Amino acid sequence: MNLNGSVWEMILIALKNVELTKRLQKDLAERKAKVKLVSFSEPGFLLTCYNPDVTAIVTDEEAPGIPHEANLDIFNSLGRRVSVIVVRDQREGEEENNIRETDSFTEHVTVLYKDQYDDILSTASFFSGVPAEGIRARVTSIPFYNPQIPITMLRHFGGLGILTIDASGFNKISVDFGIDVYNKMKRVLHDVLYGLWGANGCIRESDVLCRRSTTSSSYLIFMNRSRETGALPYPGALERVADRLSSAINNAMWHELFAPRGKSRIPECVQTIPLLGVGFFGVLNNPCIDIHEILDTGLEASKQMAQAQLKRGRERQRELMQTLIQSEDLLTPHYQAVFYLQKIDEAAVKKAEDDKSITSLSSFIYGFESLIRVNQDGVQLQNNFDTGLDSKYLRPDVLFALAKHTNVALELDQACMRHAARYARLLPGMLMVNILPRNLYYIDRLKSHFEELTNIMFEVSESEAINNLELMMKSRDHLEKHKMGIAADDFGKGYSSLERIIRIKPDVIKFDRGMIQDIDKDPVKQAYVQGLVTAAKILNTTILAEGVETWNEASVLKAMGIELIQGFLLHRPQAAQLILQQLGIKDDAPKKIPFQRRPKNNVA
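Each residue of the sequence shown is one higher than the one before, counting from 9 in our numbering.
So, in structure tokens, the structure goes:
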């Protein structure tokens, strides 16, 4: 391999599949590769393989007439000198993205399946064309790692910068949602990285980006020589590249998650993006040390640095959550109205929609649910939250997922209760406040937030496990004693159980949006919900349908006898000031000081 701009020497193709051979030969020739077709049966096959002009071999897994063990020995040995790409037939029942790796071949051999043509071509394309034009211009997907690439670069440059992209956090997606969702997420990550390859401030086109293996969740980048030094960059440059790249990858994945409905390639069940880390390490060539050992040392050190960056990123996310929880200005309460459904008709709903106000619906108000929002501008003003997550993606679901991940879910829940009470005494009707079961167990210690308030109802999410039903029953009795209500939120989702509902006997049962969506078009869903409504009436419990977005849904629910309704059809969450203005209620709450940027050198 000559990295000064000359053509790669030679790629050998030794495949039984004639169609695959012709296609690969043609596409490599278009990339200015010098290709030679060879056969295992040729008397001088091994001599040809050991020709010093040969830089890569694309071959079948088994050579005819040669024992399997001999094949392994030959290819593993050749792999320490040249790049060996072994092409397997697709095994029956084995999926493309779930190839089982065995101990047969060492990492010096890249093993792919014949139906992975783009990957075969892209990996072989490392050894074709004029390197000065950049690897990125010659590939259609991210090639697979082969040690001959960094070894050649290390020998030529004398030093090599190695970056490791650690996406091991994606492995939990496989456990939580299955291999299909995991593979879709890996495909999105692949496409994001491919898109960043050559992008300004990310990965240069002349750098080498490759996948570690078919089953691994890590990627490798081998840095082309520094323009300033001719080899490794100046001290600190690799770290800055790693941090910049980590931020770009994480934000690009979040951007994919929040793509408009119908355009997002990430499955709906995935609500957050696992943190990705980028590690770095530089190595120097030393003729007194085996070059494979030098490379292995660099790869392991870069991997450890990526894991350290992941740990640092998680700690920064925890610090961000703690800052949000403590602040009076970075979390702000919004409120969504809940209405008496049986008293509302379509004309009233239409007028509210036309007026963009709930003024015309004011006589139907049951109360308001408190919902938390993040002051994204305030978070951005801090300018010191390096968490791998842009503040614009801090939606409520992301906020609570981060809180759970960083072990501050209970503290965030308590902060939300504190903010919920801010305008509660001004808003008419019942105040509905979300609460985690573990906080409800100790509601006597938290009720100070609501001591001056009446008409409080706590919504206990049915999507979180209630591990201590007896303690929940005691909490329910405590609420009843202090004239506070309890609602079973998200019924029909997650851990919901009719038996638990019967024992707890909540004042209100909130049907999850999944039970309500398109109910006007689904007779089976109608029959199921009608049965629950009948059971609720026997329990003397009120039903609230949340997430209602169309009048057709509302009319079906109304005919079933459901008492309360909540959703975008009638009201979108708003700041209390806007709601009070619509209802003609004077806002006499004390005005808060606008958020100020914190000095960067403030260590208090």
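Even for Gly, the Cβ is constructed at its ideal location relative to N, Cα and C.
All figures in this text were calculated on a predicted structure; none of them were measured in a lab.
Bridge pairing for Pro436: absent [DSSP]. For Cys277, there is no enclosing alpha helix (DSSP H), as DSSP gives it neither H nor E.
Pro581 sits close to Leu379, with the two beta carbons spaced by under 8 Å. Nearest C-alpha to Val564 among Glu354, Gly238, Phe266, Ala256: Glu354. By DSSP's assignment, Glu467 forms a beta bridge with Asn442, Ala495. For the beta strand (DSSP E) assignment, the uninterrupted runs of no fewer than 3 residues enclosed by the stretch 135-214 are, from N- to C-terminal side, 167-174. As the crow flies, the alpha-carbon of Ala37 is around 12 Å from that of Thr29.
One alpha carbon belongs to Leu540, the other to His490, and they sit about 29 Å apart. Tyr125 places its beta carbon 8 Å or farther from that of Arg96. In the structure shown, Val92 adopts extended strand secondary structure according to DSSP, grouped into three states. In the pairwise beta carbon analysis, the stretch 285-293 is classified as touching the stretch 303-313: at least three pairs are separated by under 8 Å. For Leu578, the closest of Tyr190, Gln344, Glu467 by C-alpha to C-alpha distance is Gln344.
For Thr29, the secondary structure class from DSSP, reduced to helix, strand or coil, is helix. Residue ranges of uninterrupted alpha helix (DSSP H) with 4 or more members, entirely inside the stretch 342-374 and ordered along the chain, are 354-363.
With three or more CB-CB distances shorter than 8 Å, the stretch 205-224 counts as touching the stretch 243-259. Ile65 has its alpha-carbon roughly 43 Å from the corresponding atom of Arg322. In the DSSP assignment, Tyr449 falls outside any alpha helix (DSSP H) and carries neither an H nor an E.
In the same chain as Ile159, and ignoring 5 residues on each side of it, the C-beta atoms closer than 8 Å to its own belong to Ile299, His300, Leu303, in chain order. Sixteen is the threshold: since fewer than 16 other Cβ atoms of the shown chains lie within 10 Å of the Cβ of Glu361, the residue is exposed. Between Ile512 and Met465, the C-beta gap is not smaller than 8 Å, which leaves the two residues out of contact.
When C-alpha distances from Ser310 are compared across Lys44, Ser133, Gly169, the shortest belongs to Gly169. Taking 8 Å as the cut-off, the Cβ atoms of Asp68 and Ala22 count as close.
Looking at the DSSP output, Gly290 sits in a beta bridge with Gly169.
Excluding its 5 nearest sequence neighbours in each direction, Ala239 has C-beta neighbours in its own chain below 7 Å: Phe165, Gly166, Gly167, Arg233, listed in chain order. The criterion of a C-beta distance shorter than 8 Å is not satisfied by Val117 and Ser130. In summary, Ala567 is exposed, with fewer than 16 beta-carbon neighbours lying within 10 Å of its beta-carbon over all protein chains present. Residue pairing by DSSP puts Gln582 in a beta bridge opposite Tyr343. In summary, Leu407 is buried, with 16 or more beta-carbon neighbours lying within 10 Å of its beta-carbon over all protein chains present. Looking at the backbone, the Cα of Lys533 and that of Ile527 are separated by about 6 Å. Contact annotation: Glu571 and Gln388 have beta-carbon atoms that are not nearer than 8 Å. Taken atom to atom, the span from the alpha-carbon of Asn191 to that of Glu264 is near 15 Å. Secondary structure note for Cys218: its beta strand (DSSP E) is the uninterrupted segment 216-219. For Thr67, the enclosing beta strand (DSSP E) begins and ends at 62-68.
As summarised for the stretch 294-343, the continuous alpha helix (DSSP H) elements at least 4 residues long and confined to that stretch are 299-334, given in chain order.
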